[in-house]
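Here the sequence shown is numbered in my numbering, starting from 3 and rising by one per residue. Here a beta-carbon is modelled for each residue, glycine too, at the ideal position from N, C-alpha and C. The structure appears right after this line, and notes come after that.
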Amino acid sequence: STFKIVVASGALNEGVVRLGDVFDCEHGHFAFAGRVLHDHESYGALSVEGIITKSSNIGAGKIAVEHLGDALLYDYIRRFGFAQYTRIPLTGETPGYAAQAAKWNKLSISRIPMGHEIMVTPLQMNLAMAAIANGGTLMEPMLIRRLEDADGQTVIEYKPNVVRRVV
Numbered sequence: 003s004t005f006k007i008v009v010a011s012g013a014l015n016e017g018v019v020r021l022g023d024v025f026d027c028e029h030g031h032f033a034f035a036g037r038v039l040h041d042h043e044s045y046g047a048l049s050v051e052g053i054i055t056k057s058s059n060i061g062a063g064k065i066a067v068e069h070l071g072d073a074l075l076y077d078y079i080r081r082f083g084f085a086q087y088t089r090i091p092l093t094g095e096t097p098g099y100a101a102q103a104a105k106w107n108k109l110s111i112s113r114i115p116m117g118h119e120i121m122v123t124p125l126q127m128n129l130a131m132a133a134i135a136n137g138g139t140l141m142e143p144m145l146i147r148r149l150e151d152a153d154g155q156t157v158i159e160y161k162p163n164v165v166r167r168v169v
C-alpha cells in the first residue's frame, strides 16, 4: 500500500490529476484486462486524496491506467530510486527489482501502483517516503552525522547529499 505514493505523486507532478479529482472505485471490484482488482472495502467515488488516505488499490490502478501510463509510471519508479542502489556505504545491498515498462504484461499497469511485480528494500521505501516529506527531493541515505574523538571533538562531519528532485 505504501507504493501508491509513486503513482499518486507522479500523476500530481505531471499535472494529469489534482487532489480533488474523483475516480469511481466501483465498490471494490474493478475488472481490467480480464482480471478483477479488489479493494479491502467497498468504495464508490473517491478523490485522489481519498484514494491515498483510504489506500484504494482500484483508485491507484485507475490513476495509472487512465492518466499516467506505462512509461511515466516506470519513470517515477526510477526517479524515486527503486530498482537501483541507494549509495549507502554498506556491503550487501540489493537494488531490488522493477521490470522495464516494455516487459510489463497487460495487467502490470493496474497492479504495480499497489506494489505488485516490484521488489524494494525497506531502505528504498523509507527514502521514497522521505522524498515526499522533503518536498520532493530524494536524499542519499545517511547513517551518522559525525565522528568524534575520545575528547568529544568532531573528527569528521557528514553533510546531507541530494540525489535528485523527484517531484
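inquiry  = Across the stretch 79-99 and the stretch 133-145, are there enough close Cβ pairs to call them in contact, namely three or more that are closer than 8 Å?
reply    = yes
message = Taking DSSP's pairing of strands, which residues face A100 in a bridge?
response = On the sequence shown, position 98 is the one that residue 100 refers to. DSSP, once it has assigned bridges, lists I120 as partnering A100.
inquiry  = Tell me which residues share the same chain as H69 and place their Cβ nearer than 6 Å to its Cβ, disregarding the 5 neighbours each side in the sequence.
reply    = The residue you call residue 69 lines up with position 67 of the sequence shown. Closer than 6 Å at Cβ, skipping near neighbours: A13, V18 and V19.
request  = Consult DSSP for E28 and reduce its assignment to one of helix, strand or coil.
outcome  = Against the sequence shown, residue 28 aligns to sequence position 26. Three-state DSSP puts E28 in a helix.
ask   = Relative to the alpha-carbon of G117, which residue among G83, D72 and A100 has its alpha-carbon at the smallest distance?
value = As a working mapping, residue 117 is identified with position 115 in the sequence shown. G117 has its Cα closest to that of A100, out of G83, D72 and A100.
ask   = Who are the Cβ neighbours of F32 in its own chain at under 6 Å, not counting the five residues just before and after it?
value = Indexing the sequence shown from 1 puts residue 32 at position 30. Closer than 6 Å at Cβ, skipping near neighbours: L39 and I60.
message = Which of the three DSSP states is assigned to R37 in this structure?
response = Residue numbering aside, residue 37 sits at position 35 when the sequence shown is read from its first letter. Strand at R37.
key: For F34 and G63, believed in contact at Cβ under 8 Å, the rounded distance   = Residue numbering aside, residue 63 sits at position 61 when the sequence shown is read from its first letter. Residue numbering aside, residue 34 sits at position 32 when the sequence shown is read from its first letter. That pair is a contact at about 7 Å.
task = Would you kindly report the start and end of the unbroken alpha helix (DSSP H) that includes V8?
result = Here the question's residue 8 lines up with position 6 in the sequence shown. First-last of the alpha helix (DSSP H) with V8: K6 to E16.
ask   = Exposed or buried, G83, counting other C-beta atoms within 10 Å across all chains shown (16 or more means buried)?
value = Mapped onto the sequence shown, residue 83 falls at position 81. Under this definition G83 is a buried residue.
inquiry  = Among G154, T156, N136 and L149, whose alpha-carbon lies nearest the alpha-carbon of N163?
reply    = In the sequence shown, counting from the first residue as 1, residue 163 sits at position 161. The shortest Cα separation from N163 among G154, T156, N136 and L149 belongs to N136.
query = Taking Cβ positions, are V168 and G138 nearer each other than 7 Å?
reply = Translated into positions along the sequence shown, residue 168 becomes position 166. Translated into positions along the sequence shown, residue 138 becomes position 136. In contact: V168 and G138 (Cβ atoms closer than 7 Å).
message = Which residue wins for smallest C-alpha separation from A47, given the options I134, C27 and K56?
response = For the purposes of this step, residue 47 is identified with residue 45 of the sequence shown, where counting begins at 1. Of I134, C27 and K56, the residue nearest in Cα terms is C27.
task = Quick one: residues in its chain with C-beta nearer than 6 Å to the C-beta of S57, no 5 flanking neighbours on either side, listed in chain order?
result = Counting from one through the sequence shown, the residue named residue 57 turns up at place 55. If we look at S57 and ignore the five residues flanking it on each side, its Cβ neighbours are S3.
task = Work out the CA separation of L149 and R166 for me, nearest whole Å.
result = Along the sequence shown, one-based indexing puts residue 166 at 164. Along the sequence shown, one-based indexing puts residue 149 at 147. Approximately 26 Å, taken between the alpha carbons.
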